[in-house]
Amino acid sequence: MNTRTHAVGSTIESNDGNLANVAALVMVAILSVVILSDWQSWQESGPQLGLMILFAMVMVARTDDHRSPRQMHLYISVQTLIVSLAMLQDTVFLLLFFVLSAQAMVGLPTRAGLRWIALFAVITVAGNFYNDFELVPDLINSLINCAGFLFFGAFGNALMRAETARAESQQLLLELQEAHGQLQAYAERVETLAVAEERNRLSREMHDTLGHRLTVSIVQLEGAGRLLDRDPNRAGQMIQTVRSELVDGLADLRQTLAALRNPIVSGDSLPNALHKLTVDFERATQLTIQTDFPTT
Numbered sequence: 323m324n325t326r327t328h329a330v331g332s333t334i335e336s337n338d339g340n341l342a343n344v345a346a347l348v349m350v351a352i353l354s355v356v357i358l359s360d361w362q363s364w365q366e367s368g369p370q371l372g373l374m375i376l377f378a379m380v381m382v383a384r385t386d387d388h389r390s391p392r393q394m395h396l397y398i399s400v401q402t403l404i405v406s407l408a409m410l411q412d413t414v415f416l417l418l419f420f421v422l423s424a425q426a427m428v429g430l431p432t433r434a435g436l437r438w439i440a441l442f443a444v445i446t447v448a449g450n451f452y453n454d455f456e457l458v459p460d461l462i463n464s465l466i467n468c469a470g471f472l473f474f475g476a477f478g479n480a481l482m483r484a485e486t487a488r489a490e491s492q493q494l495l496l497e498l499q500e501a502h503g504q505l506q507a508y509a510e511r512v513e514t515l516a517v518a519e520e521r522n523r524l525s526r527e528m529h530d531t532l533g534h535r536l537t538v539s540i541v542q543l544e545g546a547g548r549l550l551d552r553d554p555n556r557a558g559q560m561i562q563t564v565r566s567e568l569v570d571g572l573a574d575l576r577q578t579l580a581a582l583r584n585p586i587v588s589g590d591s592l593p594n595a596l597h598k599l600t601v602d603f604e605r606a607t608q609l610t611i612q613t614d615f616p617t618t
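Numbering (our numbering), first residue to last: 323 to 618.
Below, the structure is given as structure tokens:
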């Protein structure tokens, strides 16, 4: 379970981090174009352009794989410092806080992300008052910007949750497919064991039926061979008994083969079964068998 959670978390951070990086790069490119659009003063805007390039470099250099919360806090701290320095020149650079708000909510726990958004709001208010001290307009702009930070943060958080659900669903699907494969292997093994058990049952059934019949037949044939000269009639009866035993044995064999798919479960106990077997043997061979079975 821990391995699955770690894999899902790494996938989410990588996907959402890449999306935030693309959005930030687009915004940096737009701000850079705005800075360079004024050809006469672009040399004076060199520090701002340098800060934008530094912001982009820090963002690209950041690695999403196996990123710890401490590293994420450090990354946002550096980027916040860069944006704050840029805002000393122009408040337009507070737009980068929108990207940082989304990144904070994606890469950090919710409370930590909200604390960073609150800090962005404080810096925005301070930057507005620093550049152009107009109480009412600055407060209105600050409130609008703070609402934008919260919106982007909520969007990033919702994106992370959706990606979490998707990644977990995909991981569960993989585990379900693996479990299905294991169940198929277990089913094949059970089927193999069932076939082996059925063969063993068939062997026991044939031994119990044919073994008894053949034993009786052998005894009868031996007796008939000895009595053939002295008592032909008795020998003929014994041969007839052998014939009956063989016919009955063939019938039992056919019955056993027919009952393979529907095993017949006898309710007799072992002593009763042995007693019946002994009685049949005595009746067929006309021999007296002494037994001592426990009564049931």
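Glycine included, each C-beta is placed from N, C-alpha and C at the ideal position.
- Following the DSSP letters along the chain, one finds residue 400 inside the alpha helix (DSSP H) bounded by residues 391-409.
- Here the segment 518-528 does not lie against the segment 465-479, with fewer than 3 beta-carbon pairs under 8 Å apart.
- Closest by C-alpha distance to residue 404, out of 377, 396, 430, is 377.
- Between residue 571 and residue 531, the C-beta spacing is below 9 Å.
- Taking one beta carbon from each stretch, the segment 472-479 and the segment 422-442 have 3 or more pairs nearer than 8 Å; the two touch.
- The segment 560-568 makes contact with the segment 532-541, as at least three CB pairs between them are under 8 Å.
- Between residue 410 and the set 485, 598, 369, the nearest pair of CA atoms involves 369.
- Within the model, the alpha-carbon separation for residue 492 versus residue 418 is close to 33 Å.
- Within the segment 538-576, complete alpha helix (DSSP H) segments of at least 4 residues are not found at all.
- Around the Cβ of residue 508, a 10 Å sphere holds fewer than 16 other Cβ atoms; the residue is exposed.
- Across the set 447, 452, 471, the C-alpha of 447 shows the shortest separation from the C-alpha of residue 462.
- Annotation for residue 612: no alpha helix (DSSP H) segment contains it, and DSSP assigns it neither H nor E.
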